[in-house]
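Going by full-length UniProt numbering, the residue at position 200 of the sequence shown is 200; the numbering climbs one at a time, nothing skipped.
Before any comments, here is the structure.
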Amino acid sequence: MEERYARQTMLPEIGEQGQRRLSEASVLIVGIGGLGSAAALYLTGAGVGRIGLADADTVSKSNLQRQVLYTEGQVGMPKSAAARERLAALSSHTAFECRPEGITPENARPILDGYDLILDCCDNFPTRYLLDDLCAACRKPWVHGSIGEFYGQVTVFNGRKGRRYRDLYPDRKALCARPRITQGVLGTVPGVIGTLQASEAIKYLCGFGEPLDGRLFTIDLRTLQTQIIDY
């Protein structure tokens, strides 16, 4: 185990103590699509001890362009089971918990209570507002990521500053009423944003760096133009 994480524990910000924190930590990933694929791979590689995989969808051919966790042979499988299959092959040091029912208003609270940190890798407003309400109620931080076309954004909600999703997006009723539209996306965009979400999670769990708490990071991959906006 020491050899596996040697390049990570060499970093003074992590070290042996940080690695122990990761091994004792639990993270729930809500949505194992493009964002969740990248985040799950790197959190597993980093040595997070327990990872929940919540997604009610199945793997489709159109997913494979950007959801690089999956293979052609897994098309038709539930994403949570397919993800666990691939991630378990990457590391025996992480325990994976499948949540094939996804996150719903009926099951969300007891599921969220079982994890230290939540990653929002979903693709719909109702689930984001549900996470916002419940994470605030149980005082649990969550790392939000979202993408579209060439654009992506990352932030941390419910951190020390107490900022919430509704602070950025106050019009809940209008956003949740929007019809879901299939949007084009460059395959690398969710890879970039999902990896940044994993980085924010590692920073939080190990207690180093300056997290995106109350700060929104945005990037346009057409121009590589980035911004950090305080809110």
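For glycine and all other residues, C-beta sits at the position ideal for the given N, C-alpha and C.
Out of D57, S92 and T94, the CA that lies nearest to the CA of G76 is found in D57. When the five nearest sequence neighbours on each side are left out, the beta carbons in the same chain lying within less than 7 Å of the beta carbon of R166 are those of D132 and R172, in order along the chain. Counting only runs that start and end inside the region 11–53, the beta strand (DSSP E) elements of at least 3 residues fall at 26–30. For the set L28, T9 and V30, the Cα lying nearest the Cα of R20 is the one of T9.
DSSP, read as helix, strand or coil, puts P78 in strand. Excluding sequence positions up to five before and after G148, its CB lies within less than 7 Å of the CB of Q183 and V185, all in the same chain and listed in chain order.
By the Cβ rule, the region 213–221 does not count as touching the region 58–65, because fewer than three pairs are nearer than 8 Å. For C176, the uninterrupted alpha helix (DSSP H) run begins and ends at R172 to A177, by DSSP.
Your pair L205 and A40 does not check out as a contact, with CB atoms roughly 15 Å apart and the cut at 8 Å.
Cβ neighbours of D113 within its own chain (closer than 7 Å, five residues either side excluded): C138. Secondary-structure assignment with DSSP links E149 through a beta bridge to V185.
The residue from L224, Q225, T223 and G214 with its alpha-carbon nearest to that of Y231 is G214. In this structure, the CA atom of Y129 is about 21 Å from the CA atom of Y151. By the neighbour-count definition (other C-beta atoms within 10 Å, threshold 16), P110 is an exposed residue. The Cβ-Cβ distance between G45 and S80 does not fall below 8 Å. Counting along the chain, A95 sits inside the beta strand (DSSP E) bounded by residues A95 to R99.
At a Cβ-Cβ threshold of 8 Å, A201 and L134 do not count as neighbours. Looking from the CA of E97, the closest CA among T104, P105, E106 and Y115 belongs to Y115. One alpha carbon belongs to L28, the other to A89, and they sit about 19 Å apart. Rounded to whole angstroms, the Cβ separation of A54 and R99 is 4 Å, and the two are in contact under 8 Å. For F125, the enclosing alpha helix (DSSP H) starts and ends at F125 to A137.
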